[in-house]
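Peer 1: Dropping the structure in here first, questions after.
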Amino acid sequence: MLVVKKFGGTSVADKERIFNVANRCIEDYKKGHDVVVVLSAMGKYTDELISMAQDINPRPPKREMDMLFTIGEQMSVALMAMAMNQLGVSAVSLNAFQVTMRTTSAYGNARLKRIDTERIRTELECRKIVIVTGFQGINKYDDYTTLGRGGSDTTAVALAAALRADSCEIYTDVDGVYTADPRLVPSARKLKEITYDEMLDLSTLGAGVLHNRSVEMAKKYGVPLVVRSSLNNRPGTLVKEDAKVERMLVSGVALDRNADRVAIIGLKDEPGIAFKVFDCLAKKNINVDVILQSIGRDGTKDISFTVDDGNIEETVETLEENRGRLSFDRIESETKIAKLSIVGAGMISHPGVAAKMFETLYNENININMISTSEIRVTVLIKDSDADRAINAVHDAFGLAE
Ligand code: ASP
Ligand code: MG
C-alpha cells in the first residue's frame with residue numbers, strides 16, 4: 018500500500034511536534050507501507066517570511082517572494098528527515114526541483130501541470146520514507162513558483178494522484194471538517210463525510226480546512242481524502258464522490274472575512290462593457306467573485322463584485338489605468354464586509370433553502386448587500402460587524418448544531 022500523508026504548519030511547529038509526525042509516519046512504514054510525506058512550513062513561518070520581505074520592500078516582486086517562500090518548506094522537510102533518521106528509519110527529503118514538479122509560470126499562484134514520479138519511486142524502492150516540500154513548484158524558466166497560500170494540500174493530492182496512492186490523508190490542527198468554524202460557532206459539529214462539490218464550495222468560501230484546488234484535483238482524479246488531526250487518533254472527515262455520502266440539506270456554513278467589495282459606478286450601458294472590465298482584471302490574475310450588475314438607466318449602469326482583500330489595491334489601480342477604455346464615473350470600495358454561505362448537496366432537490374436563510378437574517382435584522390447562488394450554495398454579502406451573529410443564527414436555523 019502507498020500512502021500520502023500531508024501535515025500542516027501547526028503539526029510541525031516545534032521539535033516535539035516534528036517527532037510526533039515522524040512517529041506517526043514510521044508507524045505506517047513499519048506496517049510495510051510505502052510512505053510519502055508532504056509538509057508545510059513550520060508554524061507561522063510563511064507569514065514571518067512575508068513580514069521580512071515587506072520590511073525591505075512593501076510590494077516585493079512575486080518571483081522573489083516565491084524564491085523566499087520555498088525555504089520554509091525546505092526547512093521542515095530537512096528537519097523531518099533528520100528526525101526520522103534519529104529514530105532509526107531511513108528517510109530522504111526532496112524539494113520541487115528534485116522531484117520535478119512542473120507548474121504554470123504565474124508566480125505566487127501557479128498551478129501544477131506535471132509531476133515526475135521516478136525519483137520518488139526509486140527512493141521508495143530503497144525502503145525510504147520520502148518527504149516532499151509542499152506549496153512549491155518550478156516553472157518553464159526553472160524558477161521556483163508557489164501554489165497560493167495553503168497550497169501544500171494541493172501538492173499532496175497531486176502526488177497521490179500521480180503515484181496512484183491508496184490513500185491521501187491531510188493532517189491538520191482540527192479533528193476534521195465542521196459544519197462551521199468552531200471558533201466562530203461553538204455548537205458546530207464534525208462531519209463524518211462530505212462530497213467533493215460541497216467541500217469545494219466550503220473551502221473556496223472560507224472554511225479554511227483545505228486548499229480549494231486540492232479538492233478540485235481530488236475530484237478530477239477521484240482521490241478520496243481524509244481530513245484529520247495530527248494530535249489525536251480520531252477518524253476525521255472523509256471527502257469523496259457524492260453517491261456514497263448521505264445527503265444533507267445544508268452541510269456547512271462558511272464565512273469569508275477576506276472579501277472586499279468594489280463598485281464601478283456610471284459605466285456605459287452598451288455591449289462588451291462587462292467583458293472589458295473583467296478581462297483587464299483577469300489579465301492581472303485577479304480572481305473575482307459575487308458579481309452584480311444593475312439595470313441600465315439613462316445610458317449608464319453599475320457593476321459591483323468582490324475580490325480578495327489582498328487584491329483590492331491592484332484591482333482599483335487596474336481599473337483606474339483602464340479608465341479611458343472602460344469610461345466610468347467613479348469607483349467605490351468597501352472593506353468591512355463579509356461573505357456568508359450555506360452549502361449542501363441536498364439543495365438540488367429541495368426548494369426554499371435560500372428563503373429560509375434570508376428569513377433567518379431578516380429575523381436578526383441583518384441587511385443583505387448582494388446575493389449569489391449555485392445549485393448547492395447560497396452566498397450573501399453582509400456587514401462584517403453582523404457576521405458572527407449571522408453565522409450562528411443560520412447554523413442554528415438549519416439544525417446543524419450538535
Ligand atoms: N506554507 C504555506 C502557507 O502558509 C503553504 C501551506 O501551508 O500549505 O500558505
Ligand atoms: Mg492549510
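In the working numbering, the protein residues as written are 18 to 419. Cβ coordinates follow ideal geometry from the N, Cα and C atoms, glycine included.
So which of T139, A58, R347 and G49 has the shortest CA-CA distance to I35?
Peer 2: A58
Peer 1: Looking at the secondary structure, which residues open and close the beta strand (DSSP E) in which I73 lies?
Peer 2: Taken as a continuous stretch (DSSP letters only), I73 belongs to no beta strand (DSSP E), being part of the alpha helix (DSSP H) at Y62 to I73.
Peer 1: If you count every other CB in all the chains shown that lies within 10 Å of the CB of V145, and 16 or more means buried, which is it?
Peer 2: Here residue 145 turns out to be Lys, not Val, going by the sequence shown. Flag for K145 reads buried.
Peer 1: Bridge partners for A271 per DSSP, in chain order?
Peer 2: S358
Peer 1: Under 8 Å, do I148 and V106 count as touching if we go by C-beta distance?
Peer 2: no
Peer 1: Do the stretch 65-78 and the stretch 94-111 meet, that is, are 3 or more Cβ pairs less than 8 Å apart?
Peer 2: no
Peer 1: Is any heavy atom of the ligand ASP found at a distance shorter than 7 Å from the C-beta of S57?
Peer 2: yes
Peer 1: Considering Cα atoms alone, identify which of T377, T171 and C297 is closest to N339.
Peer 2: Ranked by how close their Cα comes to the Cα of N339, the residues T377, T171 and C297 have C297 in first place.
Peer 1: I'd like the list of long-range same chain contacts for A175, defined as Cβ closer than 7 Å, with 5 residues on each side in sequence excluded.
Peer 2: L129, I132 and M234
Peer 1: Do the stretch 405-412 and the stretch 330-344 meet, that is, are 3 or more Cβ pairs less than 8 Å apart?
Peer 2: Fewer than three Cβ pairs drawn from the stretch 405-412 and the stretch 330-344 lie within less than 8 Å of each other, which leaves the two stretches out of contact.
Peer 1: Could you pull out every residue in the same chain whose Cβ sits closer than 7 Å to the Cβ of T317, ignoring the five residues on either side in sequence?
Peer 2: G283, L284, K285 and D286
Peer 1: Figure out for me which residue from S402, E392, N74 and G361 has the closest Cα to the Cα of E381.
Peer 2: S402
Peer 1: Would you check whether the ligand ASP has a heavy atom nearer than 7 Å to the C-beta of R314?
Peer 2: no
Peer 1: Thinking C-alpha only, which one of R181, A30, I399 and I359 is nearest G416?
Peer 2: The option with the nearest alpha carbon to G416 is I359.
Peer 1: Provide the residue span of the beta strand (DSSP E) that contains C422, from first to last.
Peer 2: Residue numbering for the chain in the displayed model covers 18 to 419; residue 422 lies beyond these limits and cannot be assessed.
Peer 1: Please list the terminal residues of the continuous alpha helix (DSSP H) segment that includes Y238.
Peer 2: N229 to Y238
Peer 1: Here's the rule: buried if 16 or more other CB atoms are within 10 angstroms of the residue's CB, otherwise exposed. What is Q71?
Peer 2: exposed
Peer 1: So F152 and L164 are supposed to be a Cβ contact under 8 Å. How far apart are they, rounded?
Peer 2: 6 Å
Peer 1: If you draw a straight line from the alpha carbon of V244 to that of L255, how long is it in whole angstroms?
Peer 2: Each residue's CA atom was taken as its position, placing V244 and L255 some 6 Å apart.
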